[in-house]
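Quick note: the first sequence uses my numbering, first residue 22, plus one each step. Beta carbons: idealized from backbone N, C-alpha and C, even for Gly. Just so we're clear, the structure is a prediction, and the values are computed from it rather than from any experiment.
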Amino acid sequence: MSDRYEPSTFESNWRQRWKDADLFKTRENPNAPKYYGLDFFPYPSGAGLSVGHCRNYVPTDVICRMKLMQGYNVLHPMGFDAFGLPAENEAIKRKTHPAPMIKGYADTYRRQMDLIGVSYDWSRSFSSSDPSYYKWTQWIFEVLYKRGLAYQKLAAVNWDPVDKTVLADEEVVGGRAERSGALVEKKYIPQWFFRITDYAQRLIDDLDTVEWPEGIKVQQKNWIGRSEGVQFAMKVQGTGKAEGGRYDLDSTEVSTSGEPLTFEVFTTRIDTIFGMTFCVLAPEHGLLEKLLQGVDQEHRDAVAAYQLAARTLSDTDRTSTTREKTGVFTGADAINPANGEAVQIWVADYVLATYGTGAIMAVPAHDDRDFDFATKFEIPIKQVISPDAEGTAVELPFVSKDGYLVNSGEYSGLSVAESQLGLGIWIEGLGIGQRKIQYKLRDWLISRQRYWGCPIPVIHTVDGEQQLVPEDCLPVELPMVEHYEPTGDGTSPLAHIPEFVNTTDLDGRLGKRETDTMGGFACSSWYFLRFTDPFNFNQPWTEAAADYWMPVDCYVGGAEHAVMHLLYARFWTKVLYDEGLIKVKEPFQKLHNQGQVLALTPYRKAREDERLNVGEDGVLISFKEAAELPKEDITHRWARMSKSKGNVVTPEEAVESYGADALRLYLLFRAPFEADIEWENKGMSDLGRFLSRIFRFVDSQRPNYVSNWKDLLPFEELDDRARKIRRATHQAIRVVTTDIDRFAFNTYISGLMKFLNALNDLTTGEADRAFALAVSEAIDSLILLLAPGAPHSADELWNSLGHEEFTLNLEWPQFNEELAAEDAVTIAVQVNGKLRDTFELAVGADQATHEAAALALPKIQQYVEGKVIRKVVVVSGKLVNIVVS
RNA sequence: GCCCGGGUGGUGAAAUGGUAGACACAGAGGACUUAAAAUCCUUUGACUUCGGUCGUGCGGGUUCGAGUCCCGCCCCGGGCACCA
Numbered sequence: 022m023s024d025r026y027e028p029s030t031f032e033s034n035w036r037q038r039w040k041d042a043d044l045f046k047t048r049e050n051p052n053a054p055k056y057y058g059l060d061f062f063p064y065p066s067g068a069g070l071s072v073g074h075c076r077n078y079v080p081t082d083v084i085c086r087m088k089l090m091q092g093y094n095v096l097h098p099m100g101f102d103a104f105g106l107p108a109e110n111e112a113i114k115r116k117t118h119p120a121p122m123i124k125g126y127a128d129t130y131r132r133q134m135d136l137i138g139v140s141y142d143w144s145r146s147f148s149s150s151d152p153s154y155y156k157w158t159q160w161i162f163e164v165l166y167k168r169g170l171a172y173q174k175l176a177a178v179n180w181d182p183v184d185k186t187v188l189a190d191e192e193v194v195g196g197r198a199e200r201s202g203a204l205v206e207k208k209y210i211p212q213w214f215f216r217i218t219d220y221a222q223r224l225i226d227d228l229d230t231v232e233w234p235e236g237i238k239v240q241q242k243n244w245i246g247r248s249e250g251v252q253f254a255m256k257v258q259g260t261g262k263a264e265g266g267r268y269d270l271d272s273t274e275v276s277t278s279g280e281p282l283t284f285e286v287f288t289t290r291i292d293t294i295f296g297m298t299f300c301v302l303a304p305e306h307g308l309l310e311k312l313l314q315g316v317d318q319e320h321r322d323a324v325a326a327y328q329l330a331a332r333t334l335s336d337t338d339r340t341s342t343t344r345e346k347t348g349v350f351t352g353a354d355a356i357n358p359a360n361g362e363a364v365q366i367w368v369a370d371y372v373l374a375t376y377g378t379g380a381i382m383a384v385p386a387h388d389d390r391d392f393d394f395a396t397k398f399e400i401p402i403k404q405v406i407s408p409d410a411e412g413t414a415v416e417l418p419f420v421s422k423d424g425y426l427v428n429s430g431e432y433s434g435l436s437v438a439e440s441q442l443g444l445g446i447w448i449e450g451l452g453i454g455q456r457k458i459q460y461k462l463r464d465w466l467i468s469r470q471r472y473w474g475c476p477i478p479v480i481h482t483v484d485g486e487q488q489l490v491p492e493d494c495l496p497v498e499l500p501m502v503e504h505y506e507p508t509g510d511g512t513s514p515l516a517h518i519p520e521f522v523n524t525t526d527l528d529g530r531l532g533k534r535e536t537d538t539m540g541g542f543a544c545s546s547w548y549f550l551r552f553t554d555p556f557n558f559n560q561p562w563t564e565a566a567a568d569y570w571m572p573v574d575c576y577v578g579g580a581e582h583a584v585m586h587l588l589y590a591r592f593w594t595k596v597l598y599d600e601g602l603i604k605v606k607e608p609f610q611k612l613h614n615q616g617q618v619l620a621l622t623p624y625r626k627a628r629e630d631e632r633l634n635v636g637e638d639g640v641l642i643s644f645k646e647a648a649e650l651p652k653e654d655i656t657h658r659w660a661r662m663s664k665s666k667g668n669v670v671t672p673e674e675a676v677e678s679y680g681a682d683a684l685r686l687y688l689l690f691r692a693p694f695e696a697d698i699e700w701e702n703k704g705m706s707d708l709g710r711f712l713s714r715i716f717r718f719v720d721s722q723r724p725n726y727v728s729n730w731k732d733l734l735p736f737e738e739l740d741d742r743a744r745k746i747r748r749a750t751h752q753a754i755r756v757v758t759t760d761i762d763r764f765a766f767n768t769y770i771s772g773l774m775k776f777l778n779a780l781n782d783l784t785t786g787e788a789d790r791a792f793a794l795a796v797s798e799a800i801d802s803l804i805l806l807l808a809p810g811a812p813h814s815a816d817e818l819w820n821s822l823g824h825e826e827f828t829l830n831l832e833w834p835q836f837n838e839e840l841a842a843e844d845a846v847t848i849a850v851q852v853n854g855k856l857r858d859t860f861e862l863a864v865g866a867d868q869a870t871h872e873a874a875a876l877a878l879p880k881i882q883q884y885v886e887g888k889v890i891r892k893v894v895v896v897s898g899k900l901v902n903i904v905v906s
């Protein structure tokens, strides 16, 4: 063996030997605890992996390898999120079919993952587009359907009337189709939804039971958007007789049938109800049709025109915050139930039809949006909240909830909190409304009018009824066809394949299959369950397998999935729990988000005729281009590694030039796991040098190596040097074990470096028997502690000492607190909190000894002389602080 | 605008309220070498009258003691964005 790290001479050999030995096959020893380590389900893109993608695979691998050595049964699988739009678009571009294409890409991913030595059990691998997998995706769809959680309803899509196609939100720019330039319309077509809103509260509550980054939990909570408020009915003035109440509804400014028209509003600020000076209905509000019958022609036309405009505007533009508020008066008034005053009813698109009731009470004095609107349309503004109980007038809008009511009848003088409760109860007592909890969360739209996805297992009968495809007829297979491109009429390409569409229903009559497919997020919402039992032909998983392996102990991936994937997977897990199919309510016990890998990327200054996108201060150029331009025209910036930026370093390049273990250690060492890495190839050679130092150390100590040190060391009389070697060893075991457990991989590696430095310092001079035994323990420990991070090198080193086993099959070293303990510590001495001196003290000395020793120091006496000692703080084993005055 | 992260030497970074800068990189000096590479050793926060003084984005506070806790700001990154 060499005395340096020469990856080309051994790394690929070890990978072959691991493969031949089936080393990574999941072991299921009875009585052993389990550990389930999982990386996010990747979509295998044609660009292949970059070293950036390895950022999460390597740390998960390190922790799984350590857990295995610690005696756990480890499940560490990998598969591919193959269905979905990215794959289909790529296949269309390449004029090929997505199935073979994605298979090829997945093979590349697998080859690259193997190349860096990640210990995946490939025997459990699958793709979400495998019929044997999506059969069960459909089966779970049916579970949801039967529980009333999957339903079809009309929903708006962006429709391009020229290209006759459905557009994604990002394909609509300024209300026009990016490609055709046509004014985009909202088209209502039936779409499938999952009723995730039923689970809103549980999705909030159970976040308390998982160990996730706090930021991700907050993002999910914000997304679900719970708010507490009051929903109540408003009556339209003059549209009915008063029911003996306090309102004068006999006015006939607006007259219709005689039935009072009402609409509901939701507010979180019921305390401001006396400040309501108008109401706003969303342009899509259902009341408008009736309401308009009773108003004059002029108002009717204005509202109709406004509604038309709202319909053609894209959601993105409509909700742009920079846009000035728009709206029209309906000509009708409503009654404020709090004080009986008439308030104008307006229509404006700043009120969303899809949230709450699609109508609001507007209180311009205490709401920014209402204030803007009232100012523009010269609607009265009435202050009803004041920062103090005296009712001081303040600059409006005053939106703080820290205040007191004024001009609010009998509620004047109460605090916001008190009056919210009181007014809520009053409204309920009046029978016109109730306190209510609203969520921003919408139902999950899963329909895609696209080919490359999991077919929805529904049959539409001639009577227009829906039937589920019976379980024994699953999966509804995606037909292999040559043409699968979007069709131009807004329907799925599947709708144009008669052999697919035409079928018989459960009663033997002609029926039509559902032709929408499920969006990719459905497929990735349960794959972690399938990994527990991936080739079960009869069930999605066996109870025993899921009960044993679930939940995922450690789930690792990018923070960009903070909401969507993680929320959907949690939702499905809860539904499956409710159905009694699994025993966990949450799928992922611990979650970790890796930082990004950034690469230095060249940009050039914009030319005079060029306009840059917002937030950009240069034009992205290739490295080739950068080499040709004058230096002063180029700036380099750190940008996320991606093929489109041309700044990618591939695992192949890294392994070829620096070695897989050097790459792995560099990824671990360069920065904390959660932090971004600024990539530098040189960093890999730095870590390669560290590996070389280990090889050199082992090589130099080989003559002293005693392989059965374990049997002999306990009986050996140790001198000071041997004791120090053992201390360094056990301290290293302690720090490495805890660092890997707490996901601190950078300090894991620096712990190894420190250990090696200590060993190099301690292994000088003559070798005796005690030394040889202590060094042998140190060598074994060093190799084993290195093994999760640099498995090729560890196996090579272990082998070079005459051993046959794979390090992965060895036991993880245990540390002994007594051996790791220092016998003397350095005590810091402070005077008034400032460090003045230090001294050595035996471990375990009492407080009086600390204090006496500190005060005896000449330097300290100088500082204390002539002053009164007020107090002496002693932290045993750490410091003495003398407070003088 | 709101919500999350983060701001520590020349650089990447460490640090359960207890000696700030561990571990590396880069720099400087030296050893080995004909020379280079590789390797090894020493040194490296700033200032200093060599006694010390100052230092973790800024300003306050709590504490015997604050990078760490609290309050108010500034800057950078990310998420949400008219959700009533």
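- According to the DSSP secondary-structure assignment, S436 is paired through a beta bridge with Y425.
- Our two residues, R691 and T870, have alpha carbons roughly 43 Å apart in a direct line.
- Among the bridge pairs identified by DSSP, A849 is matched with T859, L900.
- Segment contact: the stretch 719 to 738 against the stretch 817 to 828, three or more CB-CB distances shorter than 8 Å; contact assigned.
- An exposed status is given to K888, since fewer than 16 other beta-carbon atoms sit within 10 Å of its beta-carbon.
- Excluding its 5 nearest sequence neighbours in each direction, Q240 has C-beta neighbours in its own chain below 7 Å: A583, V584, listed in chain order.
- For L773, the closest C-alpha among the options T351, T785, N50, A811 is that of A811.
- For E399, the closest of S407, A386, P408, E411 by C-alpha to C-alpha distance is A386.
- Put simply, the backbone Cα of K46 is about 41 Å away from that of I480.
- Nearest neighbour of V72 by Cα position, chosen from R685, G259, T859, L900, turns out to be R685.
- For M585, the enclosing alpha helix (DSSP H) begins and ends at 585 to 599.
- Burial of T553 is indicated by the presence of at least 16 other C-beta atoms within 10 angstroms of its C-beta.
- Nearest to Q752 by alpha-carbon distance, out of L602, P834, N781, is P834.
- In the three-state DSSP reduction, V372 falls in the coil class, being neither helix nor strand.
- Annotation: the continuous beta strand (DSSP E) that includes V286 extends over 283 to 288.
- One alpha carbon belongs to V895, the other to T859, and they sit about 13 Å apart.
- For secondary structure counted as the alpha helix (DSSP H) over 4 or more consecutive residues, the stretch 771 to 803 holds no complete run.
- In the structure shown, the three-state DSSP call for A177 is strand.
- As the crow flies, the alpha-carbon of S706 is around 15 Å from that of E699.
- Rounded to the nearest angstrom, the Cβ distance from L621 to W659 is 6 Å, consistent with a contact under 8 Å.
- Distance from the Cα of A303 is smallest, within the candidate group Q318, T347, I294, T260, for T347.
- Listed in chain order, the non-local C-beta contacts of Q173 below 6 Å within the same chain comprise P211, W213, local neighbours out to five positions each way being set aside.
- A straight-line Cα-Cα distance of about 7 Å links S146 and P98.
- Under the DSSP assignment, V324 falls in the alpha helix (DSSP H) whose first and last residues are 318 to 333.
- Shown here, H504 sits in coil according to DSSP, grouped into three states, outside any helix or strand.
- With 16 or more other Cβ atoms inside 10 Å of its own Cβ, K88 counts as buried.
- From the listed residues S721, A414, E843, the smallest Cα separation to G786 is found for S721.
- Between P623 and F644, the C-beta spacing is below 8 Å.
- Less than 8 Å separates the beta-carbon of I291 from that of L444.
- When C-alpha distances from D574 are compared across F549, W593, N559, the shortest belongs to F549.
- Contact annotation: G601 and P28 have beta-carbon atoms that are not nearer than 8 Å.
- Taking a 10 Å sphere around the C-beta of M571, we find 16 or more other C-beta atoms and assign the residue as buried.
- For I225, the enclosing alpha helix (DSSP H) has its first and last residue at 221 to 226.
- Taking 8 Å as the upper bound for CB-CB distance, L807 and A795 are not in contact here, some 18 Å apart.
- C-alpha of V605 to C-alpha of P234: approximately 20 Å in a straight line.
- DSSP places K55 in the strand class (E or B) of the three-state scheme.
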